[in-house]
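Read the structure below first, then the notes.
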C-alpha cells in the first residue's frame, strides 16, 4: 500500500469506506450514499485494487473490516468529520447562533442535565439543531471517537483507554428498582436481596455499569445475581416488560420519576441493599475544538451538573 495510492483516494471513496464500516452491509451503505449496490461494489473493488489490500471480509450476513480496513475506515471517519466541521464552522462564523450540536448521554443524565440545557439553549438560539443520542456508555464512546458526537455525559468503562479523551467531573446517578404498582413486592420496605432474586429482572447487557452495580449488590450479600434475566438497553422495552410482568428493573431516578407519572402504573421497590453506581463524566475529545454552538451547549450542561449539587 503506497503513499501515492492512498493520496489518490477520492472523497466519494472515503465516504463509501466510512459508510460500509458504519452499516456493515454494502446494500445499506449504498442506500445511505444514494447509489446502487452494484456501483458501490465496483467502487469498493476499485479501492481495494488501488490500495492492493482487502479492506473488508465478506460474510453471508454482512461485512467486517480487516486490519487494513480498520485503519482506513478510522482515517476516513476522521477526514469526513473534519470536513463536516469545517463547513459547520464556516456557517456559524456570522453569528454563532446556528449549526448542529451532537450530544451523547446515558439515560439518567440525559433527562436530568441534557434536557434542561437543551431547553435553555433553544430559548437563546432556536436555529441551533441539537441531536441527542441516548445509549450505553461504550456505544457513545465509539461514536465520540469516530467524530459523530461533540461530547458525552457517560462513563469511561473499565479497561477502555482514556488516551485522547478530555474527562471532566460529571453528575452522580441514583438507581431505583422499578416495578409495576400491582407487583407482589410493592409497598414493602427493605425487601431482602435473596427474595428479590427469585423474580425476573430486566437488565442492560453484560458489562454495562447498571448491570455491574446490580451484580455487585448481590455479591455483597453473598448471593448469585438473578438467574432469570432479559437483557436490553432500551428503556421503552424495559417499561413494557415491567408493566405486564413481575419483572424488576433498575433505572435511574430520573427515569423512575418519569415512569411513575405515566398513569400511576409503576412504583419503586425498596431493597435491603442499595445499588452503588459511579458518577457519570463529561467527556470530549482532547484534540478536537468544539464549534461555538457545541461549546455553548457544553457550558450549559456544566451549569446543570453544578445545579444538581452532585458534581464529583
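Residue numbers (the working numbering): 2 to 313. For every residue, glycine included, the Cβ atom is placed at its ideal position computed from N, Cα and C.
With a minimum length of 3 residues, the unbroken runs of beta strand (DSSP E) contained wholly in the region 121–172 fall at 129–135, 152–155 and 166–170. Residue environment: residue 37 is assigned as exposed (fewer than 16 neighbouring CB atoms within 10 Å of its CB, all protein chains considered). By a beta-carbon distance limit of 8 Å, residue 163 contacts residue 157. Their separation comes to about 6 Å.
The DSSP assignment places 210–221 as complete runs of the alpha helix (DSSP H) inside the region 208–241, in order along the chain (cut-off: 4 residues). Excluding sequence positions up to five before and after residue 276, its CB lies within less than 7 Å of the CB of 176, 214, 215, 218 and 251, all in the same chain and listed in chain order.
By the neighbour-count criterion, in which a residue is buried when 16 or more other Cβ atoms sit within 10 angstroms of its Cβ, residue 205 is buried. For residue 36, the secondary structure class from DSSP, reduced to helix, strand or coil, is coil. In the DSSP secondary-structure assignment, residue 284 is bridged to 153 and 168.
In terms of Cα proximity to residue 22, the closest of 119, 290, 70 and 107 is 70. Taking residue 98 as the centre and dropping the five residues before and after it, the same chain places the C-beta of 126, 128 and 129 closer than 7 Å to its C-beta, in chain order. Taken in chain order, the whole alpha helix (DSSP H) runs of length 4 or more contained in the region 49–127 are 68–93 and 116–125.
For the 8 Å CB-CB criterion, residue 282 and residue 155 form a contact. Residue environment: residue 108 is assigned as buried (16 or more neighbouring CB atoms within 10 Å of its CB, all protein chains considered). For residue 182, the three-state secondary structure derived from DSSP is coil. Around the Cβ of residue 16, a 10 Å sphere holds 16 or more other Cβ atoms; the residue is buried. Excluding sequence positions up to five before and after residue 118, its CB lies within less than 8 Å of the CB of 298, 301, 302, 304 and 305, all in the same chain and listed in chain order.
For residue 256, the enclosing alpha helix (DSSP H) has its first and last residue at 254–261.
In the three-state reduction of the DSSP assignment, residue 251 falls in the strand class, which pools E and B. If you look at residue 7, you'll find it in the alpha helix (DSSP H) that goes 4–8.
In the three-state scheme derived from DSSP, where H, G and I count as helix and E and B as strand, residue 301 is classed as helix. Annotated as proximal: residue 229 and residue 201, with beta-carbon spacing under 8 Å. When the five nearest sequence neighbours on each side are left out, the beta carbons in the same chain lying within less than 7 Å of the beta carbon of residue 181 are those of 243, 244, 266 and 267, in order along the chain. Look at residue 176 here: in three-state DSSP terms it is strand. The Cβ atoms of residue 104 and residue 115 lie closer than 8 Å to each other.
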